[in-house]
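*Asks:* The structure's right below; bear with me while I get my questions together.
Take a look at the structure:
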């Protein structure tokens, strides 16, 4: 049983490593092509990338909005959480 759990965890880590490697390779290809573009075309690329990022963010927001009761829970937690109970993250992780 433990071996199965370890295999599943390793598989997940391998998948993440593969995805990261692929992302780096794609970014390298993009950077190679960007070096060949004129200033005007670079601006078009920048605008398009901003559009894609905005669209992805919007889709993620819509996905969160579909979770029943999530907004109400967040509002309730904001109201019930005392500022006295909060700790600045810098006080916990000074090395960041």
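Residue numbers (my numbering): 122 to 217. Think of the CB as a built atom: it goes at the ideal place given N, C-alpha and C, for glycine as much as any other residue.
(1) Taking just the CA atoms, how far does residue 182 sit from residue 161?
(2) Check whether the Cβ of residue 185 lies closer than 7 Å to any Cβ atom in chain B.
(3) Look at the alpha carbon of residue 186 and the alpha carbon of residue 176, and state the distance between them as a whole number of angstroms.
(4) Specify the secondary structure class of residue 160 as computed by DSSP and reduced to three states.
*Replies:* Short version:
(1) The straight-line gap from Cα to Cα measures roughly 32 Å.
(2) The question asks about chain B, but that chain is absent: this structure has only one protein chain.
(3) Each residue's alpha carbon lies about 15 Å from the other.
(4) Reduced to three states, the DSSP call for residue 160 is helix.
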